[in-house]
Amino acid sequence: MTLRADIIARERAVWDALVQGDAAADAAALDGSFLGVYPDGFAGKADHVNQLKAGPTVAAYTLEDVTVRALGPDHALISYRATFTRAGRSTPEEMYVSSLWQRAGVGWVNIFSQDTPAS
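Right, here's the structure in full:
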């Protein structure tokens, strides 16, 4: 699998965890030191995982304009435009997202993500 395909699959796994309400899958994708920078503030790994306590937070999503850049042998940056609908809502939202992934053992973990509203 290419770096691009691997990182995109891992980023989608985070989104899929939000759609499925799968806290274990979400936790497995994030490093213990994960930092998220969102329109409403900062979030650590526990914050990101705990949002799934009540179930899925996203009903559907698409990722477009995806770019993946290697930042050395053990880091990769993915950036894209996400269109998604939150669970229980009907209006889609758009965000520009960048996530930094770090090689850990035989796989990759997400160490940083920033979401910026498209409008």
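Numbering (our numbering), first residue to last: 169 to 287. From the three backbone atoms N, C-alpha and C, an ideal C-beta is built for every residue, glycine too.
Nearest to GLN188 (by Cα), restricted to the options ALA196, GLN219, PRO224 and SER201: It is PRO224 whose Cα lies nearest to the Cα of GLN188.
Quick one: what does DSSP say VAL205 is sitting in, helix, strand or coil? In the three-state reduction of the DSSP assignment, VAL205 falls in the strand class.
From the DSSP output, which residues share a beta bridge with TRP276? The partner list for TRP276 (beta bridge, DSSP) reads ARG271.
Under the three-state DSSP convention, the category GLN282 falls into: The answer is strand: DSSP assigns GLN282 an E or B state.
Write down the C-beta distance between VAL205 and ASP194 rounded to the nearest angstrom, noting that I regard them as a contact closer than 8 angstroms. Incorrect: roughly 17 angstroms between the Cβ atoms, too far for contact.
What number of angstroms, rounded off, separates the C-alpha of ARG178 from the C-alpha of SER258? Between the C-alpha atoms of ARG178 and SER258 there is a straight-line separation of about 26 angstroms.
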